[in-house]
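What follows is a set of notes on a single structure, which appears directly below.
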Amino acid sequence: MAFGYPTTRHPFHQLRDEMDRLLTGFLGPAGDGLLPAVFRGHPAVNVWEKDDALMVEMEVPGVKTDEVEVSVAKGELSIRINRAAETEEEKHVTYHRRERPIGSFSRVVRLPVEVDADHVAAALHDGVLTITLPKAPSAKPRKINVAGT
Amino acid sequence: MENQNTVTKPAAEQTAVAERTRCGCCYRPSVDIVEQEDELLVMADMPGAQSDAIDVKFEDGTLEIYAAVAPRQEGEDYLLREYGVGDYYRTFQVSEAVDAAKISAQYADGVLTLRLPKAEAIKPRKIAVSAG
Numbered sequence: 002m003a004f005g006y007p008t009t010r011h012p013f014h015q016l017r018d019e020m021d022r023l024l025t026g027f028l029g030p031a032g033d034g035l036l037p038a039v040f041r042g043h044p045a046v047n048v049w050e051k052d053d054a055l056m057v058e059m060e061v062p063g064v065k066t067d068e069v070e071v072s073v074a075k076g077e078l079s080i081r082i083n084r085a086a087e088t089e090e091e092k093h094v095t096y097h098r099r100e101r102p103i104g105s106f107s108r109v110v111r112l113p114v115e116v117d118a119d120h121v122a123a124a125l126h127d128g129v130l131t132i133t134l135p136k137a138p139s140a141k142p143r144k145i146n147v148a149g150t
Numbered sequence: 053m054e055n056q057n058t059v060t061k062p063a064a065e066q067t068a069v070a071e072r073t074r075c076g077c078c079y080r081p082s083v084d085i086v087e088q089e090d091e092l093l094v095m096a097d098m099p100g101a102q103s104d105a106i107d108v109k110f111e112d113g114t115l116e117i118y119a120a121v122a123p124r125q126e127g128e129d130y131l132l133r134e135y136g137v138g139d140y141y142r143t144f145q146v147s148e149a150v151d152a153a154k155i156s157a158q159y160a161d162g163v164l165t166l167r168l169p170k171a172e173a174i175k176p177r178k179i180a181v182s183a184g
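Sequence lines, in order, name chains P and A. When you line the first sequence up against the working numbering, it's residues 2 to 150, in that order. When you line the second sequence up against the working numbering, it's residues 53 to 184, in that order.
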């Protein structure tokens with residue numbers, strides 16, 4: 002990846018990541034279809050920059066709007082997902098494959114510029130969460146006119 | 053500095069039998085396959101697809117799922133790019149006898165749900181025992 006990008010994670014999550022990595026190394030890749038993919042890591046995000054906003058996108062299939070929690074504080078964006086466990090009709094059945102992640106995930110992204118926390122917007126369509134973080138006026142590019150003599 | 057255990061989208065092992073004209077990466081959707089008494093339930097995570105661009109085919113016991121997904125951003129300045137966006141493709145060999153005419157598909161919240169009803173012949177049947 003071209004840009005180093007620090008993400009702040011709770012020490013417990015860091016430890017869990019560490020354990021995941023260890024186990025993955027020893028036991029082969031996780032999620033081979035037999036075990037439910039609980040806590041398989043944190044969801045991937047794409048972050049890009051526009052002139053006036055930062056955009057964050059995350060794929061969260063099967064998640065309803067009330068299962069997503071987005072907050073911005075101290076220059077960090079935190080996304081919390083609680084994907085509902087199996088529904089009633091899925092009980093007492095045989096699983097042939099179980100690869101889809103369930104349970105809770107959270108992800109914290111440190112924002113490289115100051116954002117206007119009051120105008121952050123989040124939209125969820127077809128399992129894609131898009132968060133628009135307008136830049137604070139101080140972080141927007143400003144055009145300076147050069148005066149001639 | 054990519055975190056190693058970020059949930060990534062695995063690439064499809066094999067692209068469609070007939071080569072597609074559109075290039076780009078093809079992803080393998082994660083699925084749950086659940087066998088119920090009278091049907092097989094397939095749930096595939098396909099975020100960002102459109103219901104009218106999803107192809108589901110069932111032929112000779114092979115279930116094929118394909119979804120064309122157009123890129124959502126183009127030429128953006130990525131600060132962090134942990135996953136790619138592209139088509140979804142996956143096939144399954146279905147061993148159970150399935151009533152192909154009654155297969156139904158539904159797409160909601162980025163999840164494709166397929167119901168494959170078992171053929172009448174193999175459904176468990178309860179036989180009443182009459183007292184002699």
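Heads up, the beta-carbon is just placed ideally off N, CA and C, and yes, glycines get one too. It should be emphasised that the depicted structure is a prediction, and the values quoted were computed from it without experimental measurement.
Problem set entry | Continuous beta strand (DSSP E) stretch holding residue 146/P: start and end | First-last for residue 146/P: undefined, no H or E at that position.
For this session: Go ahead and pull the three-state DSSP assignment for residue 70/P.
Result: Strand.
Exercise. Under three-state DSSP, which class holds residue 92/A?
Worked result: Correct three-state label for residue 92/A: strand.
For this session: Would you please verify whether the beta carbon of residue 113/A is less than 8 Å from any beta carbon of chain P?
Result: Judged by the 8 Å Cβ criterion, residue 113/A is not in contact with chain P.
Exercise. What is the rounded straight-line gap between the Cα of residue 30/P and the Cα of residue 58/P?
Worked result: Residue placement at residue 30/P is poorly supported in this model, since its pLDDT is 45, which falls under 50; the coordinates are not used for a value here.
Exercise. List, in order along the chain, the chain P residues whose C-beta lies closer than 8 Å to that of residue 168/A?
Worked result: Within 8 Å Cβ-Cβ: nothing; residue 168/A doesn't reach chain P, min ~12 Å.
Exercise. For a contact meaning CB atoms closer than 8 Å, what does residue 83/A contact in chain P?
Worked result: Going along chain P in sequence order, the residues near residue 83/A (Cβ under 8 Å) are 98, 100 and 101.
Exercise. Got a sec: is the Cβ-Cβ distance from residue 104/P to anything in chain A below 8 Å?
Worked result: no
For this session: Indicate whether at least one CB of chain P lies closer than 8 Å to the CB of residue 108/A.
Result: The beta carbon of residue 108/A sits no closer than 8 Å to any beta carbon of chain P.
For this session: For residue 121/P, collect the residues of the same chain with a Cβ closer than 6 Å to its Cβ; drop the 5 residues on either side in sequence, then sort them by chain order.
Result: 73 and 134
Problem set entry | For residue 100/A and residue 133/A, believed in contact at Cβ under 8 Å, the rounded distance | Incorrect: roughly 15 Å between the Cβ atoms, too far for contact.
Exercise. Going by beta carbon distance, what residues of the same chain come within less than 6 Å of residue 117/P, once the five residues before and after it are set aside?
Worked result: 135 and 137
For this session: Go through its chain and collect everything with a Cβ distance to residue 45/P's Cβ below 8 Å, but skip five positions before and after it.
Result: Excluding sequence neighbours, residue 45/P sits near 59 and 60.
Problem set entry | residue 156/A in three-state terms, based on DSSP | strand
Problem set entry | Chain-ordered residues of the stretch 114 to 145 of chain A with a beta carbon less than 8 Å from chain P | 124, 125, 128, 129, 130, 131, 132, 133, 134 and 135
Exercise. How about residue 104/A: is its C-beta nearer than 8 Å to some C-beta of chain P?
Worked result: By this cut-off, residue 104/A is not an interface position.
For this session: Establish whether the CB of residue 101/A and some CB of chain P are separated by less than 8 Å.
Result: yes
Exercise. Quick one: Cα of residue 115/A to Cα of residue 146/A, how far?
Worked result: Cα atoms of residue 115/A and residue 146/A: separation of roughly 7 Å, rounded to the nearest angstrom.
Exercise. Do residue 82/A and residue 100/P have their CB atoms nearer than 8 Å?
Worked result: yes
For this session: With DSSP as the reference, label residue 37/P as helix, strand or coil.
Result: Low confidence applies to residue 37/P: its pLDDT is 41, below 50, so where it sits in the model is not reliable, and the reading given next is rough at best. Coil, per DSSP.
Exercise. In angstroms, rounded to a whole number, what distance separates the CA positions of residue 87/A and residue 179/A?
Worked result: 22 Å
Problem set entry | Close beta carbons around residue 158/A, own chain, < 6 Å, minus the five adjacent residues each side | 165
For this session: Taking all protein chains shown into account, decide if residue 184/A is buried (16 or more other Cβ within 10 angstroms of its Cβ) or exposed.
Result: That one is exposed.
For this session: Name, please, each residue of chain P whose Cβ falls closer than 7 Å to the Cβ of residue 163/A.
Result: 62, 63 and 128
Exercise. Got a sec? Which residues, its chain only, sit under 6 Å from residue 41/A by beta carbon, not counting five neighbours each side?
Worked result: The question about residue 41/A has no answer, for chain A in this structure spans 53 to 184.
For this session: Please report the Cβ distance between residue 106/A and residue 119/A, rounded to the nearest whole angstrom; I am assuming they are in contact, meaning their Cβ atoms lie under 8 Å.
Result: 4 Å
Exercise. Within the 8 Å Cβ cut-off, does residue 97/A reach chain C?
Worked result: This model lacks chain C altogether; the protein chains it does include are P and A.
Exercise. Is residue 152/A near residue 110/A, with beta carbons less than 8 Å apart?
Worked result: Taking 8 Å as the cut-off, the Cβ atoms of residue 152/A and residue 110/A count as close.
For this session: Step through the CB atoms of chain A and report whether any lies within less than 8 Å of the CB of residue 71/P.
Result: no
Problem set entry | Whole-angstrom distance between residue 132/P and residue 156/A, CA atom to CA atom | 33 Å
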